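Quick notes on the structure that follows.
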Amino acid sequence: MVNIMLRFLFAAFTSIIMGLLFMGIGRKFIARIRRHYAGPFYQSFIDVIKLFSKKSISHNWIMDFGVMMGFAGIIATIIFMPIGPFNVFSQMQGNIIIIIYFMTIGYLGMAMGVAASGNPNATIGIARALTLMLGYEIPFVLTVILLVFANNSSLLQVMVVNQQGGFMEWNAIRYPFAFLAALIALQGMLGEQPFDAMIAPSEIASGPMVELSGKFLGFGFLQHAAQIFLETGIIVNMFLGGSQNFFIFFAKQLALYLLTVAVSGIFPRYRFEDAVKFFWMAPTALAAIQLIIFII
Amino acid sequence: MEQREIILKIKENFSKSEVKVFDEKQFSVFADKDDIVRILSFMQMIGFQQLAIISAVDWIDEKKFELVYNLFSYTHIQQVLVKTKIERDNPKIQSVMNLWEVAQMYERDVHEFFGIEFSGNDDMRPLILHNWKDKPPMRKDFDSLKYSNEIYGTFKKSEEV
Amino acid sequence: MSEILTFMGMEDQYKKYELFFGPNHPGMHGNFSYIITVEGHTIKKIDPDAGLLHRGFEKLVEQRLWMQNISLIPRICVPEPDINEAIYSIAVEKLMGVEVPERAQYIRTIILEMARIGAFLFGFGGIGGATGLYTASYWTFADRDYLLDLFEWLTGARIYHMFILPGGVRRDIPNGWLEKLSETVDYLQKRLYEYDRLIYNNPLIVKRLENLGPVTQEDAMKYGITGPNIRATGIKYDTRKAVPYAAYDKIDFEVPVQTAGDGLARAVQKREEFQVSLDIIKKAIQQMPEGSVRAKMPNPLKFRVPKGDVYVKLETAHGEHAYYIVSNGSDKPYRMAVRGGSFTAGLVYAQKALVGMRIEDVALWMATMDICPPDFDR
Amino acid sequence: MNYKKKSLLGPLSSLKYLFHDPITVRYPKEQKKTYPEHEGCSPQYRGQHTNDLEKCVGCGSCMDICPTGAIEMVEFNDVKDKPGATRKRPVIDYGRCCFCGFCVDVCTSSSLSMSREYIHTFITPLNADSRDAGDLISNDFVRRPDLSLTENPGWNTPDEWSWLSLDRMVMGVMEPKERKTSFVEMVRGYSKEEAVREAQRCVACGLCKEACPIHMDIPEYIDAIWKDDIEESVKQIYKTNPLPEVCGRVCTHKCETACSIGLRGDPLAIRWLKRYAVDSLPLEKYKSVLLNNAIKPVNKRVAVIGGGPAGLSAAFFLSLMGYKITIFEADEKVGGIMRYGIPAYRLPDSALDKDIDFIKSLGVEIKTNTRVGKEIEFNKIKSEYDAVILSTGFNLGRSTRIPGSQSKGVVQALDFLSDTRDFAAKKIKEVEITEKILVIGGGNVAFDCSRSAARLQMMKFGKVNVTQICLETLDIIPADKAEVDESAEEGVVLICGRGPKQVMIDENGKVKGLDHMKCNSVFDENMNFNPKFNEEDKAICEATMIIEAIGQAPDYSYISDDVKSKMKFERGKIVLDKNNETGAEKIYAAGDIVKGPDIVNAIADGLRSAIALDKKLNK
Amino acid sequence: MLLTSTNEIKDNGMERILNFFRKKSLWMLHYCTGCGAVELPPTMTSRWDMERFGMGPMATPRQADLLLITGYLSVKSLKRVIYTYEQMQEPKWVIAFGSCPINGGIYYDSYSVINRLALYMPVDLSIEGCMPRPEAIIDGFTKLMKAIEKGEAVGYKKYRENYEWYKANQRNVLERTSAVLKEEA
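Chains as they are written, first to last, in this note's numbering: chain A, 1 to 296; chain B, 297 to 457; chain C, 458 to 835; chain D, 836 to 1454; chain E, 1455 to 1639.
Set out below in structure tokens:
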């Protein structure tokens, strides 16, 4: 039991720390495109510590609960994801169906928390976030179905094992259209441009975060960090062959994250209903084509 | 139309109005206050599409407010200042918001800063000023410096620095 | 659990609600506010709440000497301050009947065009900021800084130059300035093509801007929408051509027009005018005559303008900026009314145009219409 | 360019900047390098002010032009007094300053400039009680211009870019050819437009007011001229000056020397403006303009001996105070030196009469042709009147006392000028002159003589042959520069730096010429008049008539001895005590006999003695 | 009032450690109150890049640490600024830009612009200039960072302790019920 607790804590901390690190590096990376330097790569850690040192305002217990639930939802999902060679529960080995299910808990928790704050901007933001989720889940689920069929298993571990033996074996090469669809979905999951309608500062003043302050924003930050780690990790496991080495695994995640950051740097945001439409058109079509090719 | 023709036309229809030419692209028409809506609608009809601004001048020595309607025509490339004077004690004039919708906001603005009433224009909520209790600030007898010192205060400068 | 249920049931309660768009809102350009009544995501009613930047310029100029006002008025329109000095100076010159030396006219032209380019860069950045393409804002604001460097060299200040005075300009051009200016113009020309690739050819931007708040020609004229925005509807009217001032009558340039009048047309129009401004500067550098830069003017402490009134309007990046100046022959202006370039667009036309639009488009609409709150708050 | 052309590759090309260096200026570590030779902000940046305290004259133009009222003139303790300057210096409130640099552009002394230093931040002190947070932190931003910033110069204004109108409105003067043929007034005076344009140059600093002996309200009357309000202007002038027509023509204008505009360009033509103001108002209007308050009569009688500027001034002010005045004048008309000393081309009779007529109209009784000591006894006056003001002036010519100076062809300047004046007024037919005239002296009177002589020669012989010789070299010559220039234009030959040795006389006893020698220095170490000559360096100047114009002397012979014994004299002048009294009871003195020869000083002295008298009598 | 958490500030030792992180991560509120805002975009973006100091614009007052009063404040804005300031969570700081908030600046005689910001809210740092250049702004920021590290920038505590005084001043300007200038008979 203690062992499992330790393993769980390890997973949680790794995800948060690596996530924050990725965020910092991502900021440096996008600054380069924008022709400036930006802060040090450890800036995100300082931000989080500062946020926790601030006074924070809570409107009611639902808000506290919702924010915690959002954070816990993401952390709980980490349990099911193989981090390189490491798994919290060695026998579960990352069931992708469970992961998809758990990931929504994070959003719902967030939705609950910020809706309780009563700010119309936050409400609009969370409504957009949930709608957008409907958008990117469809192509993502399609790619998942494809991989489940292809591997005859819903376990990420099995998918990783099946991709060993050179990058030609990677699902990204084998199923390029599905990989593309998954990348687009990842962009949506991370809420980067062009799919950041839910936080859009110039429209709804950063949406769900509008009423979060101090600790709550800190938890939001940590949640986002863990989310980056989790979602890039899933794609790495699904398409890029995972890894038996921590560092290679992290490097693959980072590469994936920087790719999304680069895209977010050069595209404006979609209107959210356009975004949903887009998700149901292009990536869904790609995933469907891949599925049809696979079936044939 | 040339400037000359426009002026002739105005003179034809409004014999009482005085026309003063500033340069080849700009002239002013001084009209009676009762004529103002008629002359403005006439101007609109002959091709002055744009109401550029409505402003007022406080001629405190004459005890008059002068209202200046600034029109522009894209067809004739002419700028016209249509002016009229009204009594300062009971400033009231017909609104022209039926001719140009933008007049509504300009009249609201002039009302706020000069206290001129525009009959026919109902939305006169304060737009710019916050909780204004004094006399309209653009009137010449309103002392802005005194007001500022009174309410916002100012530093006394030290004698020896 | 009741809280969650309330949230689920909020659809009813929030079916129609008021949203404060500004003043403290990242999408708001400047310090200004729209009180928006929203139904779902669609705007039902819009009520502008101006005055947050009100400083009472029209009163303040009446309290200062004619020359002192030069330092006050640039603040009326912050992104393009030089235009104010130019209007004021031209008005005073017209009232006094002063002839401005030709070299001063050319220097004025260059300054006005530089300010215009600066404002356009601000505008491009605004579109970037409103759509989430922050790279565009980072680039344009940084490139604008090179123009500010030149201003600083010429006039001694970055933003409020107070360089154009009645009678001419304050100083002659320093050595090496024109060369540096040509360099900067070439650099901006190069960068303009990169903006094209990043902004105007970006399919997502085009998608956002297309059919955004189209303006018809009749509306544009009637509502007093001016400048690039009226040219985007197809009316080929430019104050610089029609009523020339500074050296615009001596410099040959084309006035571009668009036809659609929607957000894309407005944005593209500004991009085209950016190009025109670069060309004008290049030509002005070539044609720059020698000579004095300031006509003999009276002592600033005893500066009187003959009795009279004049309305002067000049072309700016966000429309026609104009002053109506009345002098009663004393050493202070008797009355100065300011027509901000975006007064009608921001306060009146917005009430009509924004209704039926979605809240995410408000910031973008403001960016394309170049709503500039300081000039209508005064 | 087709903007509907959508291309995903377009935006992607922006990724090339991943491999470029950023353009950021990492500020605290590095400065921007845009300008040649300068890092950081531009070479003419408008940063914080710096002021050369020595150069600054405290004119306050910066305070007047400041659009924000940020500049205040404060008296500095560590500034040395210097002539033509106050001890006030600008102090700047950076809580108001808008860094427009207008103060620099109107600075009259080019002492104020701006530096390239722009950083000033202050943290609100922790211990400051919030109740008066404002006042406690005010010292952080109301500051003297920082002198150390001169090493980092930014915006400064050379004369070329100054906003001041530095060029004087040119005064219409008759052409030399024309003017040397007559005694018509040669300066034409300003027209209205010219006067207004000249008046607008004034920055109303008030330095002239300090310099003027009578402390006229110069900025005020110039402002009134600028506003085209002649009546107000004359009113301001008459507050302190009863002889503006005279002063408007022949004043030594110390105000123009002090004028702050003169530091960069030509000083204002204050004298001509005064003349314009009084010339434009006819005498008939004087009373209605100037005498608004009824004069409250005082039942006292005052006698003024001598109708020169000092006497007239004293009479004017005393009669305004309500005294009954009688002026005793030896000559046919009052005016003294103004009437008999100054040539008509500088001061025509009509102008002088206008001033005197106004004084007369106040009820001043004038007894002309009444020489005290001859027609009336001094002691009689003293007993009849409540007080007596002596203002007889320097009415005797001073001789060089060189050998031959007593001979017939040598004349005194005052005699010559008075004759000339009579000639110009067509009272006498002819003034005795010869074809070759030599004038000794370098003061204004000497120039008056030589130029009058030139005119007379021109009228009589049709050509000019006047030589003037003076001790001083051109740089220290006491006369006005304009006099020197104009006399040269009229054909007077000026020989500087030489002193007279002896008058050469021919066998008939007539003057043949002047033997003169080089003058090494005029003043000794204590700046007293003590010329040193080089006897070796000699030359002869031929002349058939010599006019001595080296100064005048007073004549006290009319004063009774008992009074004279109570008074104190020093170098020919009367010394006054601290109450401005002479020491003798009822006797006051004013004018040249107190201050030395100068019309403005005489007017000032008239006022001063009037005040002293009033103080005593009204006690 | 919105200020709910009025607990005593923790002891100095712990605060000092946290202050290290606070100064490294100052998030400013993206609210342009006056014309000084025109110099903020250059400071934020590529040319001067204040992100180097861990600073960034924030959309809402809840998230921000730093309130920039960029230039003059009209009375109408003052009301919004005070709301905004009170919505911000402690610790929070206020920087006043330019001459206007110090002593009225060029608008010293305006009927609409306040003269002394210090009367209505605690100002931690004032930057002179009109407008302050990006260099001056960055210099001001670094100075504020130093003050935060030393524990000297505690305007928010002052505001809490003198709350009534500040409120009275604010009410004097914002909630008048009668004319300021008496009508002369």
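The C-beta atom is built at its ideal place from N, Cα and C for all residues, glycine as well.
Predicted, not measured: the structure shown is a model, and the values here were computed from it.
- G125(A) has its alpha-carbon roughly 5 Å from the corresponding atom of M198(A).
- By the criterion of a C-beta distance shorter than 6 Å, V860(D) is surrounded in its chain by K867, once the five residues flanking it on both sides are discounted.
- Within chain C, not a single residue places a beta-carbon under 8 Å from that of Y1025(D); the smallest gap is close to 16 Å.
- Per DSSP, the beta-bridge partners of Y768(C) are Y781(C).
- Rounded to the nearest angstrom, the Cβ distance from K1373(D) to M1352(D) is 5 Å, consistent with a contact under 8 Å.
- The alpha-carbon separation between V812(C) and K501(C) amounts to approximately 5 Å.
- One finds T1499 and S1500 in chain E with Cβ atoms closer than 8 Å to the Cβ of R34(A), taken in chain order.
- Taking the CA atoms as reference points, A1150(D) sits about 59 Å from V769(C).
- Note that the C-beta distance between L758(C) and D899(D) is below 7 Å.
- Under DSSP, E475(C) shares a beta bridge with T494(C).
- Counting the other CB atoms within 10 Å of its CB gives Y545(C) a total of 16 or more, which places it among the buried residues.
- For I493(C), no chain A residue has a C-beta closer than 7 Å to its own C-beta; the minimum C-beta separation is roughly 10 Å.
- If you draw a straight line from the Cα of A1323(D) to the Cα of P1011(D), it is about 9 Å long.
- Only residues of its own chain outside the window of five on either side were considered, and among them R1174 and T1203 have a CB closer than 7 Å to the CB of K1168(D), listed in chain order.
- The criterion of a C-beta distance shorter than 7 Å is not satisfied by L1306(D) and V1246(D).
- Listed in chain order, the non-local C-beta contacts of A1424(D) below 6 Å within the same chain comprise L1225, I1409 and T1417, local neighbours out to five positions each way being set aside.
- Check the Cα spacing between E550(C) and each of F800(C), K809(C), Y702(C) and E711(C): the tightest is with Y702(C).
- G165(A) counts as exposed, since fewer than 16 other beta carbons sit within 10 angstroms of its beta carbon.
- Per DSSP, M420(B) is not a residue of any alpha helix (DSSP H), being assigned neither H nor E.
- DSSP places G586(C) within a helical segment (H, G or I) once states are collapsed to three.
- Under the DSSP assignment, H224(A) falls outside any beta strand (DSSP E), being part of the alpha helix (DSSP H) whose first and last residues are G214 to F239.
- For the pair R601(C) and T641(C), the Cα-to-Cα distance works out to about 10 Å.
- Membership of R796(C) in the beta strand (DSSP E) is indicated by the continuous run R792 to R796.
- Cβ-Cβ distances below 7 Å link I742(C) to L635, L638 and S639 in the same chain, with the five nearest sequence neighbours on each side left out; the list follows chain order.
- Under a criterion of Cβ atoms nearer than 9 Å, the residues of chain B adjacent to H511(C) are, in order, I424, L425 and H426.
- Here N1369(D) carries a strand assignment [DSSP, helix/strand/coil].
- By the C-beta density criterion, D319(B) is exposed, having fewer than 16 other C-beta atoms within 10 angstroms.
- Considered as a whole, the stretch 330-405 of chain B harbours 346-355, 360-369, 374-383 and 388-390 as its complete beta strand (DSSP E) runs of no fewer than 3 residues, in chain order.
- Exposure of T499(C) is indicated by the presence of fewer than 16 other C-beta atoms within 10 angstroms of its C-beta.
- Taking a C-beta distance under 7 Å as the contact criterion, G684(C) and Q346(B) do not qualify as a contact pair.
- Residues of the stretch 189-211 of chain A that bring their beta carbon within less than 8 Å of a beta carbon in chain C comprise Q193, P194, D196, A197, A200, P201, S202, E203, I204, A205 and S206, in sequence order.
- Within chain E, the residues placing a beta-carbon under 7 Å from that of Y953(D) are G1583, R1587 and A1590, ordered along the chain.
- Residues of chain C with a Cβ closer than 7 Å to the Cβ of S877(D) are, in chain order, E609, W610 and G613.
- At a cut-off of 7 Å between beta-carbon atoms, L844(D) makes no contact with chain A.
- Each residue's CA atom was taken as its position, placing G989(D) and G1143(D) some 56 Å apart.
- T956(D) carries a strand assignment under DSSP once its states are collapsed to helix, strand and coil.
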